[in-house]
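Scroll down for the structure; my scribbles are underneath it.
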Amino acid sequence: MDPKNGTGQAAYRGSKSFTQQQVRSANATGFGAAADDYMERGIDLNEELIRNKPATYFFRMKGDAMKEAGIFDGDVLIVDRSVPLANGRVIVAVLNGELLVRRFHKNFSSAFLIPENSRYKAINLAEFSDFTVWGVVTYTIHPQG
Amino acid sequence: MKAIVDCNNFYCSCERLFQPKFEKRPVVVLSNNDGCVISRSDEAKQLGVAMGVPLFEVRSLIREKGIAVFSSNYALYGDLSWRVMETLRILLGKERVEVYSVDEAFLELDALGQKELDALALSIRKTVEEWTGIRVSIGVAPTRTLAKLANRLAKKNKAETNCVMVLSELPDIEQALRRTAVSDLWGIGRRYAKQLHEKWSIYDGWQLAQVNESFANKYLGGVVGTRLVRELRGIPSRMMEEERVQKKMIATTRMFGRRVYELNEIKEAVATYTARAAEKLRRQFSATGHIHVFIIEHREGERHGMAYDNHRHLDKPSSDSSVLIRIAIELVTSIYKKGPAYKKAGVILSNIVPEAARQGSLFVDSASADDDRLPLMLAIDNINFSLPPAHEPQHDTILRFAAAGTNRGWKMKQDYRSPRYTTKWHEMPAVR
């Protein structure tokens, strides 16, 4: 799988994915074989946080509409378009041509986009004809310090 | 069964995905250097913006009708193209998908009934749109040529067809062929169509499908003509090609952002293009044995200026930027004449061989110095790929060769480029 160049080194492959063969192997004298069985390639956030790569996009939060949900200005949102819409999920919505992050809430008669900040108003979707779901937020990334 | 999946107005759709306010408005995307229109939304087509029309010819229409204009954003289109193709590979399996262009792929489907094919194509279309946000049209038929035709008919009437058209039953195929002029068939150019009209009175696809094979072989372009006729009859005659992993030729050619007169600036441009081409060469683990360099003069009021070119055969194939740049600069210096304005330059690498199988020449010392520089080149590529600054569209901006210059007044014009939403950490789309 791993294309090698003439020098025998693994070269740039234009991708951050890697194969089993690239797992570091322990070859310290005397321990090699035993330790090899326990060698792992480390935790890969791409793998853990992105469940469906072609359907996953990143967005940047602007403003404080969702601060009580722990999403702050400048945070990164991981959005998966293949995750089905469900009541109570934080979504990226398209409303009047604008991209919004809100919590989706539906009861027996109507649907709402709920902000997580008392300064903002809930949006009743019955009042809008061109509402679509862009994707479902699966994780957010917030820097500390 | 063959299917073709084709992204609808692909570049325009990519731009709209992150700026949904343009969803129902006319949108166009411009070629390199903002020269002419290369992608149009349906709304822009209806306003009469022609494919390939130069920007200056439609400036007033754009202003009057409020058409949204974008420079081409290849980082974005490339990423979204990968997502569409990857979705197809996940849905159908790698071996059933052949990427045909940035926005088209052929699929190999099982020979199911008409209803099942319809349902399958529809579900593929829906999943691609759901996952990637890109709308596609799908044509399904026994051969690729007929699948292309089905796709064309699906696109013509999106509302009625749901962007999906299956031609699996003979009466449907006949009807579709009768409705299609030969010039609208895949692989038939204008000149060939004219010949079919004038010499043989063949006007639609159905007439062409009736031609007997030996006649086609004799008068309609040999094997190519025979294959075409067979394809129209529903007999697959174009093979599912293996994915072309290695390019046989790498070309980097660009329009300058303005008129360029001085040799120094042209040298910088050529060095930059050569570095880009060499980088592509190394990405596919190969080396080049032939360099071709050209420059094109700008003549006021004329579309095609004089072209000057020169080339050199390399005794020993190389992928070393410094070696290739040195040769490219010698070549461009040999063809440059002072005086005229130049508008475009290009570097074409051919005779491409795999890096591992690079054949030394009998007459060249095999232990020559540039052998040892490959690790350096790969290190440069890695740095350039991992750390491109936020405002630069190219990769070669962290480490570059001195010959490529630092002012770069000749660089491409891209006045209306959108952010690289999906490939740059600092250019992610904003949400509120």
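These protein sequence lines map, in sequence, to chains A and B. Mapping of the first sequence onto the numbering used here: position 140 corresponds to residue 134, and the numbering continues sequentially without gaps. So the numbering used here is basically just the index in the second sequence, starting at one, shifted up by 54. We put the CB at the ideal spot given by N, CA and C, even for glycine.
So, with DSSP's three-state summary, where would you put Cys66 (chain B)? As a first step, residue 66 (chain B) is located in the second sequence; it is residue number 12 there, counting from the start. In this structure, Cys66 (chain B) counts as helix in the three-state DSSP scheme.
For Thr387 (chain B), collect the residues of the same chain with a Cβ closer than 8 Å to its Cβ; drop the 5 residues on either side in sequence, then sort them by chain order. Numbered from its first residue, the second sequence carries residue 387 (chain B) at position 333. Closer than 8 Å at the Cβ level, and outside the excluded window around Thr387 (chain B), lie Leu317 and Lys321.
Do you know how far the Cα of Ala105 (chain A) is from the Cα of Asn111 (chain A)? Along the first sequence, read from residue 1 onward, the residue named residue 111 (chain A) stands at position 117. Along the first sequence, read from residue 1 onward, the residue named residue 105 (chain A) stands at position 111. So the alpha carbons of these two residues sit roughly 18 Å apart.
Return the bridge partner residues of Pro408 (chain B) from the DSSP annotation. If you number the second sequence from 1, residue 408 (chain B) lands on position 354. Bridge partners of Pro408 (chain B): B:Ser340.
Report the three-state DSSP secondary structure of Ser376 (chain B) (helix, strand or coil). For the purposes of this step, residue 376 (chain B) is identified with residue 322 of the second sequence, where counting begins at 1. The answer is helix: DSSP assigns Ser376 (chain B) an H, G or I state.
Got a sec, what are the start and stop residues for the alpha helix (DSSP H) Met139 (chain B) sits in? Residue mapping note: residue 139 (chain B) aligns to position 85 of the second sequence, counting from 1. Its alpha helix (DSSP H) spans residues Tyr128 to Leu146.
Can you give the Cα-Cα distance for Leu166 (chain B) and Met55 (chain B), rounded to whole angstroms? Start at 1 with the first residue of the second sequence, and residue 166 (chain B) comes out as number 112. Start at 1 with the first residue of the second sequence, and residue 55 (chain B) comes out as number 1. Spanning the two alpha carbons is a distance of roughly 8 Å.
CA-to-CA distance, Glu42 (chain A) to Val70 (chain A), given in whole angstroms: The residue you call residue 70 (chain A) lines up with position 76 of the first sequence. The residue you call residue 42 (chain A) lines up with position 48 of the first sequence. About 16 Å.
Quick check: the stretch 156 to 174 of chain B against the stretch 128 to 135 of chain B, are at least 3 beta-carbon pairs closer than 8 Å? yes
So that I know if they touch, is there some Cβ in chain A lying closer than 7 Å to that of Arg150 (chain B)? Residue numbering aside, residue 150 (chain B) sits at position 96 when the second sequence is read from its first letter. Judged by the 7 Å Cβ criterion, Arg150 (chain B) is not in contact with chain A.
Looking at chain B, is there any beta carbon in it that lies within less than 7 Å of the beta carbon of Ala116 (chain A)? Along the first sequence, one-based indexing puts residue 116 (chain A) at 122. Not one chain B Cβ lies under 7 Å of Ala116 (chain A).
Residues of the stretch 186 to 199 of chain B in Cβ contact with chain A at a cutoff of 9 Å, in chain order, please. Thr186 and Gly187
Let's see if you can read the secondary structure: which residues bound the beta strand (DSSP E) around Ser191 (chain B)? Start at 1 with the first residue of the second sequence, and residue 191 (chain B) comes out as number 137. Note, Ser191 (chain B): beta strand (DSSP E), Val190 to Ala195.
Measure from the alpha carbon of Thr3 (chain B) to the alpha carbon of each residue in A:Ser123, A:Lys115 and A:Tyr51, then state which is nearest. Nothing can be reported for residue 3 (chain B): it is not among the residues displayed for chain B, which extend from 55 to 486.
Using DSSP bridges, identify the partner residues of Gln347 (chain B). For the purposes of this step, residue 347 (chain B) is taken as the residue at position 293 of the second sequence. Just to set this straight, residue 347 (chain B) is Val in the shown sequence, not Gln. Beta-bridge partners of Val347 (chain B) (DSSP): B:Asn364 and B:Val401.
Could you name the residues that DSSP lists as bridge partners for Phe125 (chain A)? Start at 1 with the first residue of the first sequence, and residue 125 (chain A) comes out as number 131. Beta-bridge partners of Phe125 (chain A) (DSSP): A:Leu89.
Around the C-beta of Ile345 (chain B), are 16 or more other C-beta atoms found within 10 angstroms, so that it is buried, or is it exposed? For the purposes of this step, residue 345 (chain B) is taken as residue 291 along the second sequence, with counting starting at 1. Classification of Ile345 (chain B): buried, given that the 10 Å Cβ count is 16 or more.
DSSP three-state call for Lys209 (chain B): helix, strand or coil? As a working mapping, residue 209 (chain B) is identified with position 155 in the second sequence. It is helical.
Pairwise C-alpha distance: Arg232 (chain B) and Ser291 (chain B): Translated into the one-based positions of the second sequence, residue 291 (chain B) becomes position 237. Translated into the one-based positions of the second sequence, residue 232 (chain B) becomes position 178. Ser291 (chain B) and Arg232 (chain B): Cα-Cα distance of roughly 21 Å.
Distance CB(Val401 (chain B))-CB(Thr476 (chain B)) smaller than 7 Å: Mapped onto the second sequence, residue 401 (chain B) falls at position 347. Mapped onto the second sequence, residue 476 (chain B) falls at position 422. It is not a contact, given that the beta carbons lie outside the stated cut-off.
Quick one: what does DSSP say Val77 (chain A) is sitting in, helix, strand or coil? Residue mapping note: residue 77 (chain A) aligns to position 83 of the first sequence, counting from 1. The answer is coil: DSSP assigns Val77 (chain A) none of H, G, I, E or B.
Which first and last residues belong to the alpha helix (DSSP H) in which Glu170 (chain B) is found? Translated into the one-based positions of the second sequence, residue 170 (chain B) becomes position 116. It spans Gln168 to Thr186 - the alpha helix (DSSP H) in which Glu170 (chain B) sits, taken as one unbroken run.
Straight-line Cα distance separating Trp260 (chain B) from Lys272 (chain B): Along the second sequence, one-based indexing puts residue 272 (chain B) at 218. Along the second sequence, one-based indexing puts residue 260 (chain B) at 206. Approximately 19 Å, taken between the alpha carbons.
Same chain only: Cβ atoms within 6 Å of Arg330 (chain B), ignoring 5 sequence neighbours per side: Position 276 of the second sequence holds residue 330 (chain B). Excluding sequence neighbours, Arg330 (chain B) sits near Thr306.
Less than 8 Å between the CB atoms is what I'm expecting for Ile65 (chain A) and Tyr133 (chain A), so what's the real figure, rounded? By 1-based counting over the first sequence, the position of residue 65 (chain A) is 71. By 1-based counting over the first sequence, the position of residue 133 (chain A) is 139. 11 Å between Cβ atoms; not a contact.
For a test of the three-state rule: what should DSSP assign to Asp69 (chain A), helix, strand or coil? Against the first sequence, residue 69 (chain A) aligns to sequence position 75. Three-state DSSP puts Asp69 (chain A) in coil, outside helix and strand.
For the alpha helix (DSSP H) that contains Ile227 (chain B), what are its first and last residues? Against the second sequence, residue 227 (chain B) aligns to sequence position 173. Segment Leu224 to Arg232, the alpha helix (DSSP H) holding Ile227 (chain B).
Closer than 7 Å to chain B by CB, Lys56 (chain A): By 1-based counting over the first sequence, the position of residue 56 (chain A) is 62. Closer than 7 Å to some Cβ of chain B, the Cβ of Lys56 (chain A) qualifies, so yes.
Contacts that Leu94 (chain A) makes with chain B (C-beta to C-beta distance below 7 Å): On the first sequence, position 100 is the one that residue 94 (chain A) refers to. Going along chain B in sequence order, the residues near Leu94 (chain A) (Cβ under 7 Å) are Val485 and Arg486.
Within chain B, partners of Leu71 (chain A) - CB distance below 8 Å: As a first step, residue 71 (chain A) is located in the first sequence; it is residue number 77 there, counting from the start. What Leu71 (chain A) touches in chain B: Val485.
Contact list for Ser76 (chain A) against chain B, beta-carbon separation under 7 Å: Residue mapping note: residue 76 (chain A) aligns to position 82 of the first sequence, counting from 1. Residues of chain B passing the Cβ test: Glu184 and Trp185.
Return the chain-ordered list of same chain residues with a C-beta closer than 6 Å to the C-beta of Ile85 (chain A), the five sequence neighbours on each side being excluded. The sequence position of residue 85 (chain A) within the first sequence is 91, counting from 1. If we look at Ile85 (chain A) and ignore the five residues flanking it on each side, its Cβ neighbours are Phe98, Val127 and Val130.
If we count the other Cβ atoms within 10 Å of its Cβ and call it buried at 16 or more, is Gly168 (chain A) buried or exposed? The displayed coordinates of chain A run from -5 to 139. Any statement about residue 168 (chain A) would go beyond what the structure contains.
Which complete beta strand (DSSP E) runs does the stretch 75 to 114 of chain B hold, if anything under 3 residues is left out? 81 to 84 and 91 to 94
Can you look up Val236 (chain B) in the DSSP assignment and give me helix, strand or coil? The residue you call residue 236 (chain B) lines up with position 182 of the second sequence. Under the three-state reduction of DSSP, Val236 (chain B) is assigned to helix.
To the nearest angstrom, how far is it from the Cα of Leu250 (chain B) to the Cα of Leu274 (chain B)? The sequence position of residue 250 (chain B) within the second sequence is 196, counting from 1. The sequence position of residue 274 (chain B) within the second sequence is 220, counting from 1. Roughly 8 Å separates the two Cα atoms.
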